[in-house]
Amino acid sequence: MQIPSPILYSYFRSSCSWRVRIALALKGIAYDVVPVNLLKDGGQQFSAEFKAVNPMQQVPALKIDGITLSQSLAIIHYLEDTCPNPRLLPQDLKKRAQVRMIADHIVSGIQPLQNLSVLKQMGEKKMEWAQNCIASGFQALEQTLQHTAGRYCVGDEVSMADLCLVPQVFNAERFKVDMGPYPTITRINKALLELEAFKVSHPSLQPDTPAELRA
Amino acid sequence: MAFSSQPILYSYFRSSCSWRVRIALALKGIAYDVVPVNLLKDGGQQFSAEFKAVNPMQQVPALKIDGITLSQSLAIIHYLEDTCPNPRLLPQDLKKRAQVRMIADHIVSGIQPLQNLSVLKQMGEKKMEWAQNCIASGFQALEQTLQHTAGRYCVGDEVSMADLCLVPQVFNAERFKVDMGPYPTITRINKALLELEAFKVSHPSLQPDTPAELRA
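Rendered as C-alpha cells:
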C-alpha cells in the first residue's frame, strides 16, 4: 500500500512556508507542493477550499499522516517528534530553551507584525512600518545571539532558530532594512545559506516562483 | 552549601503572555518571586536599561531560572515542561501534541501580537476596532479548529499548553469588548478552565501588582 507523500500548502515567498520547507529538506522528507498565491484572485488563501484546509487562511499548512497542521513551528515540532534525525533541537535543555526563545522571538515578535494582512492596514506607511518592526526585532536578536551563537544561532548545530532566521533575513532584505547593525545575524545567515537544505527550499527555486524571480 | 534561589518572573498583572507562564508555574507547583514590570508607568518600565539587560526584546514575561534568563512565553513553558514533566502540558500522542502546539501558536503568533500594546499605539483612534477585528477573526478560525480537537478542553480532556494560551486571550477579548456569541466552544472551554485552581491564582485580579481598584 502506497502511503501518500505529505502535501505542503506554500507560497514561494512566504517566510513561514520557507521555514517548513527547510525542515522537510533537512529531514529528507519528500513532499508535494500545492501553491497558494497570496496576491492573485484577491488572495487564494481566502478561498472556501483553502479555508477547509486551514481556518486561519494562512500558509503554510501540511497534510501529513492523515492530519492537517498549520503554524510553522507546530509543524516543525511534529516533524521533529516523528523524524528525530537530524535533530533540530539541542539535547541540552537550556540550549533547547534558547533555540525556542529565538525561534519564538522571530515567529511571534517580528514576522506577524510585518505580514501581509497587517501591512495592508498601513497604507503608505507600509515600508517604514515593516522596517521598524524588523529593525527593532533584529536589534534585540543581535543582543541575544551574543550569548548563544556559535557557528549558528545556538552553538554549532543547526536548530529551529536557524530555520526561522534565514527567511526573516530574506524579508529584511525585501524591505530594504539596513543590515549593518547586525553582523552576527548576517554571519549566521550566510553560513546557513551554504547548506543544501536552505538552498533547495529558497524562494527562487519553488514550483510557484515567477519566471522573473527564478534562480 | 549552595543556596538555590527561586525562579524570578518579570510580569505585568494584565499581560496575557505573562499570565500563560503564571498558569504553567501554578500547574507544576513551582514557587517563584515576581518582579512587576508596569507597561504603562514611567513611559513603560519595560523600556528601562535595567530590564533591557534582562530581555533585549523589552517585553514581559521573562523568567530567571536555573541560572539562565528566558523570554517568550512558549519557550519558557516548554522549558518548564522539559524540566518538570508532571503534570504534563503536552499529550503523549504525537498528533494531538501537534494540535496543541498549533492552537497555542495560533494564539501566540496569530492573534496576540497583532493586538499587543506596541501595535495598538500605532493605531490611534482605530485601536479598539483593530483589536476587535484581530481577535474576532482569530477566534472565528479557532472555533472552527476546536470542532475537531476539543473535548473538555482545547485538545481532548487534558489541560495543555493550548489551554494556557486560550484563557488569557479570552480575557483580552473581554477587555476589548469582543462579542463572544459566535464562539460557544471557546466560551465553554474558558469557563471550565477558570474553575481550576491554577487559572484562578494566576488571574490578573490577584497579582502583586494588581491595582487596588481591579483587585478581586
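Residue numbers (the UniProt record's numbering), protein chains in the order written: chain S, 1 to 215; chain F, 1 to 216.
The C-beta atom is built at its ideal place from N, Cα and C for all residues, glycine as well.
Inter-residue Cα distance where the pair is F47 (chain F) and A53 (chain F): Sequence index remark: in the second sequence, residue 47 (chain F) carries index 47 (1-based). Sequence index remark: in the second sequence, residue 53 (chain F) carries index 53 (1-based). So the two alpha carbons sit approximately 10 Å from each other.
Identified DSSP bridge partners for G29 (chain F): Looking up residue 29 (chain F) in the second sequence gives position 29. Beta-bridge pairing links G29 (chain F) to no other residue.
Closer than 7 Å, Cβ to Cβ, to anything on chain F: give me those residues from the UniProt domain "GST C-terminal" (92-211) of chain S, in chain order. L93, K94, R96, A97, R100, M101, D104, H105, V107, S108, G109, P112, L113, V118, A140, Q143 and T144
C-beta atoms of R13 (chain S) and H78 (chain F) nearer than 9 Å: On the first sequence, residue 13 (chain S) is found 13 positions in, with the first residue counted as 1. On the second sequence, residue 78 (chain F) is found 78 positions in, with the first residue counted as 1. It is not a contact, given that the beta carbons lie outside the stated cut-off.
Identify whether L69 (chain S) lies in helix, strand or coil by the three-state DSSP scheme. Taking the first residue of the first sequence as 1, we reach residue 69 (chain S) at position 69. Residue state, collapsed to three classes: strand.
Would you grab the beta carbon distance between L80 (chain F) and L25 (chain F) for me? Rounded to a whole angstrom, and I think it's under 8 Å. Here residue 80 (chain F) is taken as the residue at index 80 of the second sequence, counted from 1. Here residue 25 (chain F) is taken as the residue at index 25 of the second sequence, counted from 1. Indeed they touch by this definition, with Cβ atoms about 7 Å apart.
Taking only beta-carbon positions, decide if A74 (chain S) is within less than 9 Å of chain F. Start at 1 with the first residue of the first sequence, and residue 74 (chain S) comes out as number 74. Chain F, which has a Cβ nearer than 9 Å to the Cβ of A74 (chain S), makes this yes.
If I follow the unbroken beta strand (DSSP E) through Y79 (chain F), where does it start and stop? For the purposes of this step, residue 79 (chain F) is identified with residue 79 of the second sequence, where counting begins at 1. Per DSSP, Y79 (chain F) belongs to no beta strand (DSSP E); it is in the alpha helix (DSSP H), S73 to T83.
Taking DSSP as the reference, what is the three-state secondary structure of P86 (chain S)? Position 86 of the first sequence holds residue 86 (chain S). Three-state result, P86 (chain S): coil.
Applying a beta-carbon distance threshold of less than 8 Å, which residues of chain S neighbour S48 (chain F)? Along the second sequence, read from residue 1 onward, the residue named residue 48 (chain F) stands at position 48. Near S48 (chain F) there are no residues of chain S at all, since even the closest Cβ is about 15 Å away, more than 8 Å.
In terms of alpha-carbon separation, which member of F:K126, F:R101 and F:P36 lies closest to T68 (chain S)? Indexing the first sequence from 1 puts residue 68 (chain S) at position 68. Comparing Cα-Cα distances from T68 (chain S) to each of F:K126, F:R101 and F:P36, the minimum goes to F:R101.
Looking only at its chain, what residues have a beta carbon closer than 8 Å to the beta carbon of I185 (chain S), apart from the 5 residues adjacent to it on each side? As a working mapping, residue 185 (chain S) is identified with position 185 in the first sequence. Hits under 8 Å: F138, L141, E142, L145, L165, V169 and M179.
What are the boundary residues of the beta strand (DSSP E) that D32 (chain S) is part of? In the first sequence, the residue the question calls residue 32 (chain S) occupies position 32. D32 (chain S) -> beta strand (DSSP E) spans D32 to P35.
For I103 (chain F), which three-state DSSP category applies? Position 103 of the second sequence, counted from the first residue, corresponds to residue 103 (chain F). The answer is helix: DSSP assigns I103 (chain F) an H, G or I state.
When we look at the beta-carbon of D105 (chain F) and count the other beta-carbons within 10 Å, is it buried (16 or more) or exposed? Position 105 of the second sequence, counting from 1, holds the residue named residue 105 (chain F). The residue is buried, with at least 16 neighbouring Cβ atoms inside 10 Å.
For L69 (chain S), decide whether its Cβ has a neighbour in chain F, counting only Cβ atoms nearer than 9 Å. As a position in the first sequence, residue 69 (chain S) is number 69, starting the count at 1. Closer than 9 Å to some Cβ of chain F, the Cβ of L69 (chain S) qualifies, so yes.
Between R19 (chain S) and chain F, is there a C-beta pair that is closer than 9 Å? Residue 19 (chain S) sits at position 19 when you count from the first residue of the first sequence. Answer no: the Cβ-Cβ gap between R19 (chain S) and chain F never drops below 9 Å.
For Y18 (chain F), which of F:L27, F:P7, F:A62 and F:D42 has the nearest alpha-carbon? As a first step, residue 18 (chain F) must be located in the second sequence, where it is residue number 18. According to the sequence displayed, residue 18 (chain F) carries Ser and not Tyr. When each option's Cα is compared against that of S18 (chain F), the closest is F:A62.
Considering only C-alpha positions, which residue in the set F:I23, F:P7 and F:S71 is nearest to L193 (chain F)? Here residue 193 (chain F) refers to the residue found at position 193 when the second sequence is read from its first residue. Checking every option, the nearest Cα to that of L193 (chain F) belongs to F:I23.
Taking the alpha-carbon of I75 (chain S) as reference, which of F:V34, F:T210, F:Q99 and F:C134 has the nearest alpha-carbon? Walking along the first sequence from the start, residue 75 (chain S) turns up at place 75. Of the listed residues, the one whose Cα sits closest to I75 (chain S) is F:Q99.
Proximity test, Cβ basis, 9 Å: T187 (chain F) and chain S: Within the second sequence, residue 187 (chain F) is the residue found at index 187, counting from 1. Closer than 9 Å: no.
Excluding the 5 residues preceding and the 5 following K6 (chain S) in the sequence, name in chain order all residues of the same chain whose CB lies nearer than 7 Å to its CB. In the first sequence, residue 6 (chain S) corresponds to position 6, counting from 1. Inspection of the sequence shows that residue 6 (chain S) is occupied by Pro rather than by Lys. Around P6 (chain S): I29, Y31, L62, K63 and I64.
How is the alpha helix (DSSP H) around S118 (chain F) delimited, first residue to last? Along the second sequence, one-based indexing puts residue 118 (chain F) at 118. Taken as a continuous stretch (DSSP letters only), the alpha helix (DSSP H) holding S118 (chain F) covers L117 to M123.
Residue environment, F176 (chain F), which counts as buried when at least 16 other CB atoms sit within 10 Å: The sequence position of residue 176 (chain F) within the second sequence is 176, counting from 1. Result: buried.
Between the Cα of R19 (chain S) and the Cα atoms of S:F198, S:C133 and S:L116, which residue gives the shortest distance? Taking the first sequence and counting its residues from 1, the one referred to as residue 19 (chain S) is at position 19. Closest by alpha carbon: S:F198.
I want to verify the contact list: residues of chain F whose CB lies under 7 Å from the CB of Y11 (chain S), in sequence order. As a working mapping, residue 11 (chain S) is identified with position 11 in the first sequence. The contacting residues do not exist; Y11 (chain S) stays about 16 Å from chain F at best.
Nearest chain S C-beta to G67 (chain F) closer than 9 Å, yes or no? Numbered from its first residue, the second sequence carries residue 67 (chain F) at position 67. Yes, its Cβ sits closer than 9 Å to a Cβ of chain S.
Inter-residue spacing [alpha-carbon to alpha-carbon] between L38 (chain S) and I189 (chain F): As a first step, residue 38 (chain S) is located in the first sequence; it is residue number 38 there, counting from the start. As a first step, residue 189 (chain F) is located in the second sequence; it is residue number 189 there, counting from the start. Straight-line Cα distance between these residues: approximately 33 Å.
If we cut at 9 Å on Cβ distances, does S71 (chain F) have a partner in chain S? Mapped onto the second sequence, residue 71 (chain F) falls at position 71. Closer than 9 Å to some Cβ of chain S, the Cβ of S71 (chain F) qualifies, so yes.
When the Cα of S70 (chain S) is compared with those of S:L116, S:D81, S:Q58 and S:E80, which residue comes out closest? Counting from 1 along the first sequence, the entry for residue 70 (chain S) is found at position 70. Closest by alpha carbon: S:Q58.
Run through the UniProt domain "GST C-terminal" (93-212) of chain F for me and flag every whole alpha helix (DSSP H) of 4 or more residues, listed as ranges in chain order. 94-110, 117-123, 127-149, 161-175, 184-194 and 197-201
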